[in-house]
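A quick write-up on the structure given underneath.
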Amino acid sequence: VSDECSVWARFGTVSEPTVSSTASPTVSYSGHKSSSGVWVPDPRLAALGYRGIFSDSPHQPPVAEAPLTEVAETAFNEWRYRLGVAEGCQELRSGETLPLEANLGGLNAVNFRKGCYIGQELTARTHFRGVIRKRIMPVSIPKVEADDISPHATSAWSGNEIVAGKAGAKERKVGRFMGVSEDFNSGIALLRLKQALDPDVRHRIIDSDQSLTPHRPTWWPEAWGHEEDEA
Numbered sequence: 005v006s007d008e009c010s011v012w013a014r015f016g017t018v019s020e021p022t023v024s025s026t027a028s029p030t031v032s033y034s035g036h037k038s039s040s041g042v043w044v045p046d047p048r049l050a051a052l053g054y055r056g057i058f059s060d061s062p063h064q065p066p067v068a069e070a071p072l073t074e075v076a077e078t079a080f081n082e083w084r085y086r087l088g089v090a091e092g093c094q095e096l097r098s099g100e101t102l103p104l105e106a107n108l109g110g111l112n113a114v115n116f117r118k119g120c121y122i123g124q125e126l127t128a129r130t131h132f133r134g135v136i137r138k139r140i141m142p143v144s145i146p147k148v149e150a151d152d153i154s155p156h157a158t159s160a161w162s163g164n165e166i167v168a169g170k171a172g173a174k175e176r177k178v179g180r181f182m183g184v185s186e187d188f189n190s191g192i193a194l195l196r197l198k199q200a201l202d203p204d205v206r207h208r209i210i211d212s213d214q215s216l217t218p219h220r221p222t223w224w225p226e227a228w229g230h231e232e233d234e235a
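Spelled out as structure tokens, the structure:
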């Protein structure tokens with residue numbers, strides 16, 4: 005199937021719709037089944053737009069209500085990072101990622117009424133206790149000097165530990181980098197919420213002077229990030 009079809013994402017603002025592909029362009033219409041495929045809402049988050057699997061053809065998929073602009077797949081990754089949504093085995097590493105720390109409870113990816121899946125007991129217990137101390141969050145990154153960027157820098161940054169602390173105080177490890185955009189302006193990181201949501205705490209990548217600033221996504225439920233206040 006992978007030799008015959010392409011996966012597309014339709015995302016962005018109403019005024020500037022864009023489309024990203026992992027293979028050659030295809031043709032279809034938004035919300036309507038065609039001979040090549042169909043657009044469906046991304047089940048994780050409305051802001052992620054639509055996903056589609058289409059038969060390969062030499063045509064770009066049009067959309068009924070507006071023209072699309074084709075962009076590289078990296079543009080969709082950056083869009084995800086701005087929302088704080090991780091995906092794939094490079095970001096959600098097997099054996100290292102807990103579902104609730106990856107915000108999967110808010111992305112329609114966990115059913116708390118279903119049992120008998122790997123990790124179900126820990127996931128359910130953490131959910132019903134209501135205390136999650138770390139979450140994947142968007143981070144913005146100040147300008148990185150060109151000399152510090154190598155062809156393999158984006159993958160090298162992934163997994164790097166992050167330390168944080170207030171001015172004059174001892175720093176401590178608070179999480180790790182999960183992914184960074186191609187232009188190094190944004191990324192996602194798994195961070196301790198107590199430090200990440202404190203505007204007086206400075207974060208940086210360990211063994212470097214590269215700072216970063218965490219951001220609380222607007223789609224998060226109000227209770228997220230305040231669990232320790234009530235624990």
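In the numbering used here, the protein residues as written are 5 to 235. Beta carbons are placed, not taken as given, at the ideal position from N, Cα and C, and that holds for glycine. All values reported here derive from a predicted model rather than from experimental measurement.
Under the DSSP assignment, residue 188 falls outside any beta strand (DSSP E); it carries neither an H nor an E label. With contacts defined as CB atoms closer than 8 Å, residue 165 and residue 180 qualify as a contacting pair. Taking C-beta atoms under 8 Å as the contact rule, residue 185 and residue 100 fail to qualify, at a distance of about 21 Å. Runs of the beta strand (DSSP E) lying entirely within the region 97-151 and spanning at least 3 residues, in chain order: 138-144. Distances from the alpha-carbon of residue 169 to those of 114, 59, 102 and 195 put 195 closest. Exclusion of the five residues before and after residue 9 leaves 57, 58, 59 and 60 as the residues of its chain whose Cβ lies within less than 7 Å of its Cβ. For secondary structure counted as the alpha helix (DSSP H) over 4 or more consecutive residues, the region 188-226 holds these complete runs in sequence order: 197-200.
Under the criterion of beta carbons closer than 8 Å, residue 143 and residue 217 qualify as touching, at roughly 6 Å. Rounded to whole angstroms, the gap between the alpha carbons of residue 107 and residue 7 is 32 Å.
With contacts defined by Cβ atoms closer than 8 Å, residue 190 and residue 145 form a contacting pair.
Bounds of the beta strand (DSSP E) holding residue 14 are 9-16.
Counting C-beta atoms within 10 angstroms of its own C-beta, residue 210 has fewer than 16 neighbours from the protein chains shown and is therefore classed as exposed. Straight through space, the alpha carbons of residue 45 and residue 201 are spaced by roughly 31 Å. In this structure, residue 49 sits near residue 111, with a CB-CB distance shorter than 8 Å.
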